[in-house]
Structures are given as structure tokens and as C-alpha cells.
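**Q**
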Amino acid sequence: MTNAVIIDAVRTPMGKRNGSLKDWHPVDLAAHTLRALVERSDLDPALVDDVIMGCVMQVGDQAGNVGRNAALAAGFPESVTGTSIDRQCGSSQQAAHFAAQGVMAGAYDVVIAAGVESMTRVPMGASFLPGSMPFGPKVFERFDLIPQGISAERIAEKWDISRLANDEFALQSQLRAARATDEGRFDREIIPVPV
8 MTNAVIIDAV RTPMGKRNGS LKDWHPVDLA AHTLRALVER SDLDPALVDD VIMGCVMQVG
68 DQAGNVGRNA ALAAGFPESV TGTSIDRQCG SSQQAAHFAA QGVMAGAYDV VIAAGVESMT
128 RVPMGASFLP GSMPFGPKVF ERFDLIPQGI SAERIAEKWD ISRLANDEFA LQSQLRAARA
188 TDEGRFDREI IPVPV
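Numbering (this note's numbering), first residue to last: 8 to 202.
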């Protein structure tokens with residue numbers, strides 16, 4: 008079995024809803040990132056076997072296979088395939104898993120795992136039509152589908168996670184991220200985006 012290795016990782020800066028990246032179409036923003044990756048890695052895009060892109064809300068500006076469209080917008084040859092996957096909050100992570108599995112299985116030599124989500128252009132919940140029931144009656148029969156807040160309370164109770172412990176963990180995570188940012192640990196992976 009072939010080992011899968013990560014050659015490089017790039018990303019845009021994080022943005023805020025209606026912030027400095029609001030005018031970037033998600034396809035173009037993803038394409039900008041793909042171009043930066045192949046340029047920085049000195050990789051001929053024609054060698055890329057596939058672009059696997061995680062995206063939760065695949066409607067509106069992110070519809071029509073955003074992964075493939077981003078590869079085309081980045082100037083990759085038409086021979087480079089692209090796909091989009093939705094595994095909710097784990098979509099980009101799943102893209103990385105599928106990419107690694109493809110390399111390990113011998114299906115790919117070079118694959119790009121990526122993700123895109125513009126919460127400004129395609130707000131959370133945009134893929135649900137008013138009055139629709141995306142889970143279907145059989146799922147509701149099987150599971151007690153409840154809001155995330157109530158679900159969090161149930162999980163905390165089941166696993167005996169106190170509010171204090173949860174808040175301390177969250178604070179520690181934020182402090183670590185701030186320290187890593189101050190120390191420049193993310194500088195190499197963040198590419199500039201003209202605004």
C-alpha cells in the first residue's frame with residue numbers, strides 16, 4: 008500500500024460575515040487558493056488527478072459542483088476532475104480522508120483536498136426550503152431530533168461534562184490559537200487575498 012503524504016497546506020485568512028471577503032465569489036476564492044497551492048509547490052496542475060472539496064451549503068453561489076468549478080476557475084486543465092462533498096461540519100476533513108484513501112488505494116498520485124464556505128454569500132440553512140423536512144419521516148421516527156442547544160445539554164449530562172470544564176476547555180483552545188497566531192505559526196499557510 009502506498010503511503011499518503013501532505014506536501015503543502017494553504018488557506019485564506021479567516022473572514023467575518025459581510026467582512027472584507029464578502030465580494031469574493033466562493034468559486035473564485037477557492038480558485039485563488041488552488042492557484043496559490045500549485046504555484047507555491049511548483050506543481051503542474053495537469054498532474055493533479057482530482058480536486059476533492061468539502062462544502063456544506065451547496066446551493067446558490069456554491070451550487071453546481073463548487074470543487075470542479077474552482078479547479079476550472081483556477082486554470083487547471085479540463086482533464087483534472089473535481090468533486091464536492093457534504094459531510095456537514097466535517098466536509099473538508101472528509102475531503103482530506105478521501106484524498107488520502109485514494110492515494111493509498113493507488114487511484115491517485117496527486118490529489119488536492121480542499122474546502123470552501125462563504126457564510127455571507129450562502130448563509131447557514133440556505134439549502135433548506137421553507138416548510139421542507141430534509142430528514143424525512145422515517146428519521147424522525149427513529150431519532151429524537153432536537154435543537155443543538157438541547158443536544159449539548161444532553162451530551163454534557165451523559166458524559167458528566169460541567170459547564171465550567173467546558174468553558175475552561177474553550178478558553179484554553181482560544182488562548183492557544185491566539186498564542187499560535189502571535190507566534191506566527193499560521194503565517195506560512197495563509198495566502199494573501201486582494202480586497
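No residue lacks a Cβ here, since even glycine has one placed at the ideal position from N, Cα and C.
I'd like to know whether the C-beta atoms of Pro20 and Asp68 end up nearer to each other than 8 Å.
**A** Here residue 20 is taken as the residue at index 13 of the sequence shown, counted from 1. Here residue 68 is taken as the residue at index 61 of the sequence shown, counted from 1. It is not a contact, given that the beta carbons lie outside the stated cut-off.
**Q** Relative to the alpha-carbon of Val12, which residue among Gly26, Gln101, Val110 has its alpha-carbon at the smallest distance?
**A** The residue you call residue 12 lines up with position 5 of the sequence shown. Closest by alpha carbon: Val110.
**Q** Leaving aside the five residues before and after Ala81 along the sequence, list all residues of the same chain whose C-beta is less than 6 Å from its C-beta, in chain order.
**A** Taking the sequence shown and counting its residues from 1, the one referred to as residue 81 is at position 74. Closer than 6 Å at Cβ, skipping near neighbours: Ala38, Leu41, Arg42.
**Q** Among residues of its own chain, excluding the 5 on either side of Leu152, which ones have a beta-carbon nearer than 8 Å to its beta-carbon?
**A** As a working note, residue 152 is residue 145 in the sequence shown. Correct list, in chain order: Phe142, Val146.
**Q** Per DSSP, what kind of secondary structure is Ala120 in: helix, strand or coil?
**A** Reading the sequence shown from its first residue, position 113 is the one you call residue 120. Note: Ala120 maps to strand in three-state DSSP.
**Q** Are the CB atoms of Val123 and Cys62 within a distance shorter than 8 Å?
**A** By one-based count along the sequence shown, residue 62 stands at place 55. By one-based count along the sequence shown, residue 123 stands at place 116. Against a cut-off of 8 Å, the Cβ pair of Val123 and Cys62 comes out as a contact.
**Q** CA-CA distance, Asn76 and Ile119?
**A** Taking the sequence shown and counting its residues from 1, the one referred to as residue 76 is at position 69. Taking the sequence shown and counting its residues from 1, the one referred to as residue 119 is at position 112. Each residue's Cα considered, the two are about 14 Å apart.
**Q** Between the alpha carbons of Gln95 and Ala185, how many angstroms are there, rounded?
**A** Here the question's residue 95 lines up with position 88 in the sequence shown. Here the question's residue 185 lines up with position 178 in the sequence shown. Answer to the nearest angstrom: the Cα atoms are 26 Å apart.
**Q** Counting only C-beta atoms, is Pro130 closer than 8 Å to chain C at any point?
**A** In the structure shown, chain C does not exist; there is a single protein chain.
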